[in-house]
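Just add 351 to wherever you are in the sequence shown, counting from 1, and you've got our numbering.
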Amino acid sequence: ETGRNFLPAMIANHVGGIAGYASVLFLVAIEHHAGDMEVFPDPGPDETRDEYYRRQIRGTRNFLRSESFDSRIERFLEEEVPFDNRPDFRVFYGGLDTHVEHHLFPDLPPNRQREIAPQVKEIALRHGLPYYETPIGETASTLFKAVTGLSIPVGEFEKSRPLSLLRRPAALTRRLKAGLSYRTLPEAPYLEKTRWYGVPVRVISTQRLAKGSALLIRLEKPSGWDEVCWEPGAFLSLRVDVGRDALIRQYSLLHDSEGSDTMDICVKHVEGGRVSNLLNDVEPGSYLTVLKPPVSSGGLAVAEVPSGALFIAGGVGITPILSQLRALVRSGNGEGAVLLYFNHDSDSVLFEREIRELAAAGGISAHVFTGCRPTPELIASLVGHVDRETFVCAPQGLVDAVRGYMADMGQAPERFHTESFAAPLLDRPVDDGRRYTVTFSRTHRSVEIDGATTLLEAANRVGIRVPTGCRSGLCRACVTHKIRGVTSAEADGTETDRITVCDSLAFSDIELDL
């Protein structure tokens, strides 16, 4: 008899497994992606507890009991569970009728979550938050609407203006092709969702440059970053763990997002450098940690590179300039632009062949120098008039010298663009005897400091490690939620609850969410 029932049992088991898996996907889809559910981007590491709980409530729904479903379950229990004190039939709902409470209090079992559900609903409504509830009998129609809406190839950026996608035929074609192709589901789709902060990225390839003194690193775009855009001159922040320290470094990207499907950086070997030397040893197939998507703010990132611009680079400072040159030639506006590229010697010149090719293709006047520095006479002879946008990336001494030359030649300050990832000297006040208490609420620690000590230094004193890179507030790796208090930058009355602790000084007692 067992042998006769083996095949039907195997088929039933297989069908049951498929049905169970499909039902889980079905319920997850309508619990978080149907109706009025809100979908949020990755909030990043500085999300407050209040913001976290609000997001859980606004993005989750509970299912209301169904009388017909309840009656069927009760009949089943009466027939199949012939003993007193049968379990409450709501056990068959699992956590479907307490999904909101599960997201707020995941450690509680469903029976305890049911007890607190009325209070959770009352608190949510009192604070103007939605409390989504859907009768379980309406799940089929809800799922149909959800699947239909999610199947349309319109992303978050085009929801308010869907026809704008027609002006991007390449993106539309790519989305339609992806929708029509069959792809097996990952084993854990919600564990593989798009990440935006602290993202491991794969090294696709590397190439030694400048007689081995620099390394070109080509990074793969993380999953879900297909629509991430950045401008010419943008930079990327990498986090590298060295011992107990999490070090952040910024590297200019060699292309804008329109010019490449990868993220390419060039790292120059620096004698004694803690990070650059480690990065110069990376191999294809290894992974690096990207702090967040490329940043298009700063002195060199521009949406459209102006025609007739002047570019001055020194050493590895050619990397953001090269991105701008590529975009300039691609747009057909290279005619009249000038590049002055300075290096210690011929062995340290980067991308010289491509620079020559871009110059020939775009009508750019490109000059590569070794063993010399810019002078007013040199600039005047090669550039002519200085009434043009000027982009400079080089060691700080060279930048300062060129800035002075251009000012002396009559250039308006707003036409001079540069950036530096090196930490400038912080203007620390003289100790006036005042002391402030910095409290770290998450770790329950505190420390007393004077007005010349940064909040980052205060955190380090009590053993709290905060990711940091530029130490000048530029890379924003150390952005922290300020619960209360005033920093020296806010002394004029303009307060903010997000501060860069690397360059913030206390002006009162401070409480931080660390």
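All residues carry an ideal CB built from backbone N, CA and C; glycine is no exception.
Three-state secondary structure assigned by DSSP to residue i
i: residue 856; result: strand
i: residue 717; result: strand
i: residue 425; result: helix
i: residue 760; result: coil
i: residue 391; result: coil
i: residue 409; result: helix
i: residue 420; result: helix
i: residue 833; result: strand
i: residue 369; result: helix
i: residue 646; result: strand
i: residue 401; result: helix
i: residue 618; result: strand
i: residue 539; result: Unreliable placement is indicated for residue 539, whose pLDDT of 49 sits below 50; no coordinate value is reported for it.
i: residue 742; result: strand
i: residue 736; result: coil
i: residue 556; result: strand
i: residue 454; result: helix
i: residue 545; result: coil
i: residue 641; result: strand
i: residue 605; result: coil
i: residue 523; result: helix
i: residue 513; result: helix
i: residue 478; result: coil
i: residue 842; result: coil
i: residue 752; result: helix
i: residue 725; result: coil
i: residue 769; result: strand
i: residue 862; result: strand
i: residue 828; result: coil
i: residue 487; result: helix
Identity of the residue in the options nearest residue i by Cα
i: residue 658; options: 646, 645, 742 and 849; result: 742
i: residue 556; options: 477, 529, 610 and 636; result: 636
i: residue 652; options: 625, 602 and 619; result: 602
i: residue 848; options: 404, 832 and 750; result: 832
i: residue 401; options: 859, 841, 857 and 834; result: 834
i: residue 561; options: 779, 590 and 696; result: 696
i: residue 674; options: 687, 654 and 837; result: 654
i: residue 715; options: 689, 705 and 528; result: 689
i: residue 858; options: 564, 762, 815 and 780; result: 780
i: residue 698; options: 666, 481 and 425; result: 666
i: residue 767; options: 777, 489 and 744; result: 744
i: residue 864; options: 371, 399, 783 and 611; result: 399
i: residue 633; options: 645, 620, 643 and 642; result: 620
i: residue 868; options: 735, 363, 530 and 853; result: The displayed coordinates of the chain run from 352 to 865. Any statement about residue 868 would go beyond what the structure contains.
i: residue 764; options: 795, 801 and 739; result: 739
i: residue 719; options: 728, 711, 706 and 794; result: 706
i: residue 607; options: 682, 595 and 627; result: 682
i: residue 615; options: 558, 726 and 783; result: 558
i: residue 481; options: 388, 461 and 548; result: 388
i: residue 403; options: 359, 756, 786 and 456; result: 456
i: residue 762; options: 727, 746, 792 and 747; result: 727
Whole-angstrom C-beta distance between residue j and residue i, which should lie under 8 Å
i: residue 582; j: residue 647; result: 4 Å
i: residue 803; j: residue 760; result: Going by Cβ atoms, the distance from residue 803 to residue 760 rounds to 39 Å, so no, they are not a contact pair.
i: residue 649; j: residue 586; result: 7 Å
i: residue 487; j: residue 423; result: Contact doesn't hold; Cβ gap of about 12 Å is too wide.
i: residue 851; j: residue 830; result: 6 Å
i: residue 573; j: residue 546; result: 7 Å
i: residue 604; j: residue 645; result: 6 Å
i: residue 737; j: residue 638; result: The Cβ separation is near 45 Å, so there is no contact.
i: residue 725; j: residue 752; result: 7 Å
Cβ-Cβ distance between residue i and residue j below 7 Å
i: residue 617; j: residue 661; result: no
i: residue 454; j: residue 411; result: yes
i: residue 569; j: residue 613; result: yes
i: residue 408; j: residue 468; result: no
i: residue 866; j: residue 808; result: As shown, the chain starts at 352 and ends at 865. That puts residue 866 outside it, with no answer to give.
i: residue 691; j: residue 685; result: no
i: residue 769; j: residue 860; result: no
i: residue 771; j: residue 806; result: no
i: residue 413; j: residue 448; result: yes
i: residue 701; j: residue 676; result: no
i: residue 818; j: residue 597; result: yes
i: residue 527; j: residue 504; result: yes
i: residue 629; j: residue 656; result: no
i: residue 516; j: residue 523; result: yes
i: residue 406; j: residue 391; result: yes
i: residue 464; j: residue 452; result: yes
i: residue 551; j: residue 485; result: no
Unbroken beta strand (DSSP E) runs of length 3 or more, entirely within the segment 575-599: which are they?
-> 586-593
Write down every uninterrupted run of the beta strand (DSSP E) in the segment 649-712 whose length is 3 residues or greater and which is fully enclosed by it, in chain order.
-> 661-665 and 689-694
Scan the segment 774-818 and note each continuous alpha helix (DSSP H) run of 4 residues or more that stays entirely inside, going in chain order.
-> 806-812
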